[in-house]
Each structure stands twice: as C-alpha cells, then as structure tokens.
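Q: Dumping the structure here so I can ask a few things about it.
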Amino acid sequence: MSRSKVLLAGESWVSTATHIKGFDQFPTVTYHQGADELLAALKDSPFDITFMPAHQAQRDFPQTIESLREYEAVILSDIGANTLLLHPDTWIHSKTTPNRLKLLRQYVEEGGALLMFGGYYSFQGINGGARYARTPVEDVLPVTCLRFDDRVEVPEGFRPHVTGAPSHPILEGLGREWPVLLGYNEVELKPGAEVLATVSGDYGDQPLLVTGTYGKGRSVVWTSDVGPHWLPQAFIAWEGYARLFSAMLAWAIARD
68 MSRSKVLLAG
78 ESWVSTATHI
88 KGFDQFPTVT
98 YHQGADELLA
108 ALKDSPFDIT
118 FMPAHQAQRD
128 FPQTIESLRE
138 YEAVILSDIG
148 ANTLLLHPDT
158 WIHSKTTPNR
168 LKLLRQYVEE
178 GGALLMFGGY
188 YSFQGINGGA
198 RYARTPVEDV
208 LPVTCLRFDD
218 RVEVPEGFRP
228 HVTGAPSHPI
238 LEGLGREWPV
248 LLGYNEVELK
258 PGAEVLATVS
268 GDYGDQPLLV
278 TGTYGKGRSV
288 VWTSDVGPHW
298 LPQAFIAWEG
308 YARLFSAMLA
318 WAIARD
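FYI, the numbering for the sequence shown is 68 to 323, going by this note's numbering.
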C-alpha cells in the first residue's frame, strides 16, 4: 500500500552561546530540531513525511501549485510567515517571487490539507513575530490569530479537556485522559469550526484541537507543541501520541 506524502515545514533553529571561564570566553553555535520525536513516532505510519527545516524552507518550500499538489497534506509547525514570504531572491536580490501563503490558500481551496501546530513561531507567536494574522493562511485555518503575542505559558501544566465525540476519527481510541501540556498559542474560533479539545483549568475553554474546511480542503489546528518544551516527555511516551497526530493527518487528507 502506498503511503500518503506529507510535507512538514519548520521545527528547526540555531542557537548561539558565549561561554565565559574567568578571563577567557569562547562562542559556540548549536543546531536544533524540534520534530525528532514526532517523526520517530510516525516512522511506520501510513504517511511518508518529508521534513523541511525552517532554514531550508525559506528557499525550498514549493513555489508552484503543482509542486504543492505533490503532497496530500502540508504541516506548518514553528515557522513564521516571513520565512515563506521572503525567499532569498526577494530578500537579497529584490526579485519578485510567488507568494507562498497565497499558494497554500489555493492548495487547500482546491482540495489539499493544511495543519498548523503550535510553537513560538506558529499562529501569531512570540512578540507577534510569526505573523499569520490577516494572511491567506489564516483564511484557511478554522481559527483566527490574535494581533499580538499569543503564547500562554502554563508551567504548572494543564490537562486537555476532550470535548469531541469519542467516535470522531481523530479521537477514537484515545480516551478522555491525556497527559499534561505546558503551554499553547491562544486563538479565536471561527464560525463553523469543530472543537475536539480545549485547554482546561484557570485558562478557560480555549481551543486546543480544532478542525475545519475551506473550499474543497480541510484544516487542522493543534495549538500546543509537538515536542518539548510545551509538550513534555510524558506526552511523547503516552501510547496515544503517535495515534493522535496520525489521526489528525488521516482526517485532514480524507475525502467525503
């Protein structure tokens, strides 16, 4: 059986540090990937996932609708709008290039699937820097982005409140008790959105897992992370971790 092709863009960053040892100091540079646990969990799933780190996506994310259609689903996870808007040819050489946010909207409208997972550069993001508010990608999502920093840090943890029907294809077999999460991006629901899980406790019933449709396509929003720090190791070790994200993809790709 052939596997469904999925593009996962984002989930990488580079950090620098200065080490001071008495009179002396030296710098180091470290490359990080945030989707390793998710990719490992879905390795034997029905999905053939192409991982495109954020720094690579600026140049190599599809620039035509034809190349986007090679994938049955696209995931944007912790990758800001600027990375997709500012191809090096535009940023460095002042050349015109396709608006890849508009291409994503067209892709879903014509039957593709888009998923956005939370993080510091998802939705509106840290200091508002992810900047998906009032973009073609926001048009496709079942939620509206805030116009300012939307991160909600929950160091004490919260347990997701599963509100959807147990028989829903994304929730089936997962039960109602999920492990604790440590944060999420705050968003607002659009009319007609289907809420499957919310944030619980003092933070109200804010959306955590939401589905929707746009044109002929489907979209899924998970407002927390796919790995640390918002998604702890206990969630990764949970038997429902792989099943949950696999089910999100399966629902998004499915056709009525």
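By construction, the Cβ of each residue, glycine as well, lies at the ideal position given by its N, Cα and C atoms.
Helix, strand or coil for SER291 per DSSP?
A: Here SER291 sits in coil by DSSP.
Q: Look at the Cβ atom of ARG218, then the Cβ atom of GLY250, and state whether they are nearer than 9 Å.
A: It is a contact, given that the beta carbons lie within the stated cut-off.
Q: Based on the DSSP output, what are the partners of GLY224 in its beta bridges?
A: Bridge partners of GLY224: none, in fact.
Q: Just grab the DSSP bridge partners of ALA140 for me.
A: For ALA140, which the question treats as bridged, DSSP gives the partners VAL73 and ALA180.
Q: Which runs of the alpha helix (DSSP H), 4 residues or longer, sit entirely within the region 143-172?
A: Taking only runs of at least 4 residues, the alpha helix (DSSP H) segments lying wholly in the region 143-172 are 148-152 and 155-158.
Q: Restricting to Cα atoms, I'd like to know which of PHE93, SER79 and ASP272 is closest to THR85.
A: Comparing Cα positions, the closest option is PHE93.
Q: Run through the DSSP bridge pairs and tell me what TRP80 is partnered with.
A: Answer by DSSP bridge pairing, in chain order: HIS99.
Q: Give me the Cα-Cα distance between SER71 and TRP289, rounded to the nearest whole angstrom.
A: The straight-line gap from Cα to Cα measures roughly 20 Å.
Q: Is the Cβ-Cβ distance between VAL207 and SER134 less than 9 Å?
A: No, the Cβ-Cβ distance between VAL207 and SER134 is not below 9 Å.
Q: Would you call the CB atoms of ASP127 and GLY294 closer than 9 Å?
A: No, they are not a contact pair.
Q: Going by DSSP, what residue range makes up the beta strand (DSSP E) through PRO203?
A: From DSSP, PRO203 is part of no beta strand (DSSP E) but of the alpha helix (DSSP H) over 203-207.
Q: Do you know offhand how far GLY242's Cα is from PHE215's?
A: Cα-Cα distance, rounded: 34 Å.
Q: How would you write the range of the beta strand (DSSP E) that PHE312 sits in, first residue to last?
A: Not the beta strand (DSSP E): PHE312 falls in the alpha helix (DSSP H), residues 307-320.
Q: Alpha carbons only, please: which of VAL96, PHE302, ARG310 and GLU139 is nearest the one belonging to PRO236?
A: Ranking the options by Cα distance to PRO236, first place goes to ARG310.
Q: With a threshold of 16 other CB atoms inside 10 Å of the CB of PRO222, please say whether the residue is buried or exposed.
A: Looking at its Cβ environment, which holds fewer than 16 other Cβ atoms inside 10 Å, PRO222 is exposed.
Q: Which residues mark the beginning and the end of the alpha helix (DSSP H) in which ASP127 is found?
A: 121-127 is the extent of the alpha helix (DSSP H) around ASP127.
Q: Applying the 10 Å Cβ sphere with the 16-neighbour rule, what's the burial state of TRP245?
A: Looking at its Cβ environment, which holds 16 or more other Cβ atoms inside 10 Å, TRP245 is buried.
Q: With DSSP as the reference, label SER112 as helix, strand or coil.
A: SER112: coil per DSSP, three-state reduction.
Q: With distances taken from CA atoms, which of HIS296, GLU137, GLN173 and ARG198 is nearest LYS283?
A: With distances taken between Cα atoms, LYS283 lies closest to GLN173.
Q: Anyone know if the C-beta pair for PHE190 and LEU170 falls short of 9 Å?
A: Not in contact: PHE190 and LEU170 (Cβ atoms no closer than 9 Å).
Q: Among residues of its own chain, excluding the 5 on either side of TYR138, which ones have a beta-carbon nearer than 7 Å to its beta-carbon?
A: Closer than 7 Å at Cβ, skipping near neighbours: LYS72, VAL73 and LEU74.
Q: Considering only the alpha carbon of each residue, which of VAL210, LEU263 and THR97 lies closest to MET183?
A: Nearest option by C-alpha distance: VAL210.
Q: In three-state terms, what does DSSP make of GLU104?
A: Reduced to three states, the DSSP call for GLU104 is helix.
Q: Should ALA327 and TYR308 be called a contact, given that it needs their Cβ atoms to be closer than 9 Å?
A: With the chain covering only 68 through 323, there is no way to say anything about residue 327.
Q: Using C-beta distances below 6 Å, list every residue in its chain close to LEU276, excluding the 5 sequence neighbours before and after it, in chain order.
A: Closer than 6 Å at the Cβ level, and outside the excluded window around LEU276, lie LEU263, ALA264 and TRP289.
Q: So, using beta-carbon positions, are TRP390 and THR280 closer together than 9 Å?
A: Only positions 68 to 323 of the chain appear in this structure, which leaves residue 390 out of reach.
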